[in-house]
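Peer 1:
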Amino acid sequence: MTKLTDEPLFPATGTADPPVRAAVPLAAPAIRRPTRLPPLNLFRVFDAAARHGNFTTAAEELCVTQSAVSQQIRQLEELLEVRLFRRMPRRVELTREGTALASAVGESMALLVRACERIVDPKAPVVLCVNAPPSIASRWLVPRLKRFMQLQPQVKVTLLASSDPVDFDRQDIDVAIRWGNGVWPNARVEMLAPDRLFPVCSPALLREGPPLARPGDIVHHTLLQVVSGSYWGAWLAAAGVGGLAFEETLYFNDAGLMLDAAVQGQGVALASPLLAESDLKAGRLVRPFDLEIETGSAFYVLTSPDFSEKPAVAEFRSWIGFEGRESG
24 MTKLTDEPLF PATGTADPPV RAAVPLAAPA IRRPTRLPPL NLFRVFDAAA
74 RHGNFTTAAE ELCVTQSAVS QQIRQLEELL EVRLFRRMPR RVELTREGTA
124 LASAVGESMA LLVRACERIV DPKAPVVLCV NAPPSIASRW LVPRLKRFMQ
174 LQPQVKVTLL ASSDPVDFDR QDIDVAIRWG NGVWPNARVE MLAPDRLFPV
224 CSPALLREGP PLARPGDIVH HTLLQVVSGS YWGAWLAAAG VGGLAFEETL
274 YFNDAGLMLD AAVQGQGVAL ASPLLAESDL KAGRLVRPFD LEIETGSAFY
324 VLTSPDFSEK PAVAEFRSWI GFEGRESG
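Numbering follows the numbering used here, with no gaps: position 23 of the sequence shown is 46.
1. Do you know how far the Cα of A184 is from the Cα of F275?
2. Would you list the residues sitting across from K179 in a DSSP beta bridge?
3. Identify which residue in Q98, G76, I200, A73 has its Cα closest to the Cα of P62.
4. With 16 other CB atoms within 10 Å as the buried threshold, where does M111 fall?
5. Grab me the residues of I196's own chain with a C-beta within less than 6 Å of its C-beta, minus the 5 sequence neighbours each way, in chain order.
6. Could you tell me if C86 is buried or exposed, where buried requires 16 or more neighbouring beta carbons within 10 angstroms of its beta carbon?
7. Who does F322 pair with in a DSSP beta bridge?
8. Which of the three DSSP states is assigned to Q248 in this structure?
9. In its own chain, which residues sit with a C-beta less than 7 Å from the C-beta of S356, not counting the 5 before and 5 after it?
10. Compare the Cα-Cα distances from R114 to each of G344, A125, A73, R193 and report the closest residue.
11. DSSP on E338, reduced to helix/strand/coil?
12. Is E346 closer than 9 Å to R167 when the C-beta atoms are compared?
13. Let me know the secondary structure DSSP gives E231 once reduced to three states.
14. Looking at the structure shown, is K333 part of a helix, part of a strand, or coil, going by DSSP?
15. Restricting to runs no shorter than 3 residues, where is the beta strand (DSSP E) found entirely within the region 71-139?
16. If I measure Cβ to Cβ from W163 and keep anything under 8 Å in the same chain, skipping five residues before and after, which residues do I get?
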């Protein structure tokens, strides 16, 4: 038989550690689900009612009926599950919760007003996004952009180089430059410059290569052309030497690369005034013949019909149209 004693199971001593109790896991704190934001128009109605302390006066400001204001305030209260106003006989007063919400809503409305004022302020800096094919962007537009920014210092231009199809509804583009026949749906289209073509080559090729005294002499040189289509046949026909067979032809997917090859003396290319302008002025390219042909296509400036008269866009359209006429 076990003897029972009065001695404690864990006698207290100066050195013994107290008994270790098993840890009891704490219940995880309840995670509050984020409150779904009520429709923003309800906050606009609430802001007016809070400022005026009167549903009727708020209704006059918002151009709605007093019952519409009362109904929307009640809808906001039901969504938030709090009372925002105390209804008095001739006025309303904010509750504690209503006062806290009114402060936050007032600050938010003020931020929105200031943001809208900055956007529409004609003196505020404006970012204009211009999209152009790489060849015309680098060879014609970039050398001119500084002049535009000096004329319009409040307009900051972002230039994107691309030949992709333009869709103003889906792309963040203000102005686009494209080559074609002038037909682009859902765009305002203005001609920048007609596409006239003429042969160009490097001065070294003209001096050191086979003679280029007559159009027929081109057959002794490498022909440079873009893969999307060539107008060499039309130019040769206009020169009265159609049907020539060339020994070598180099193809490029970009007109700018083709002109780079011409500058390096790799052959003779057909170029337009806009693309060859800087190289001709600098003497990197020369025109062995004066004969030009028109392709029926042109470079065009495209803008959104909805925003083409926006001040910054309208200024750019006017400026680039002048530059195109000067170059053409």
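The beta-carbon is built from N, C-alpha and C at its ideal position, and this holds for glycine as well. Predicted model, so just to flag it, every value in this text is computed and none were measured.
Peer 2: Checking against the coordinates, here is how it stands:
1. Here the question's residue 275 lines up with position 252 in the sequence shown. Here the question's residue 184 lines up with position 161 in the sequence shown. Computed Cα separation, rounded: 17 Å.
2. Counting from 1 along the sequence shown, the entry for residue 179 is found at position 156. Note: K179 sits in a beta bridge opposite V150.
3. The residue given as residue 62 occupies position 39 in the sequence shown. Among Q98, G76, I200, A73, the Cα nearest to that of P62 belongs to Q98.
4. By 1-based counting over the sequence shown, the position of residue 111 is 88. When all chains shown are included, M111 counts as exposed.
5. Start at 1 with the first residue of the sequence shown, and residue 196 comes out as number 173. So the qualifying residues of the chain are C152, N154.
6. Position 63 of the sequence shown, counted from the first residue, corresponds to residue 86. Counting Cβ neighbours within 10 Å, C86 comes out exposed, since fewer than 16 surround it.
7. Mapped onto the sequence shown, residue 322 falls at position 299. DSSP lists W202, A216 as partners of F322.
8. Residue 248 sits at position 225 when you count from the first residue of the sequence shown. The answer is strand: DSSP assigns Q248 an E or B state.
9. Since the displayed the chain opens at 24 and closes at 351, residue 356 lies outside it and no answer follows.
10. Here the question's residue 114 lines up with position 91 in the sequence shown. Closest by alpha carbon: A73.
11. Reading the sequence shown from its first residue, position 315 is the one you call residue 338. Of the three classes helix, strand and coil, the one that applies to E338 here is helix, per DSSP.
12. Indexing the sequence shown from 1 puts residue 167 at position 144. Indexing the sequence shown from 1 puts residue 346 at position 323. Yes, these two residues count as a Cβ contact at 9 Å.
13. What you label residue 231 is simply residue 208 of the sequence shown in a count that begins at 1. Helix, per DSSP.
14. Residue 333 sits at position 310 when you count from the first residue of the sequence shown. Coil.
15. 108-110, 115-117
16. As a first step, residue 163 is located in the sequence shown; it is residue number 140 there, counting from the start. The answer, listed in chain order, is L297, L298, E300, S301, S350.
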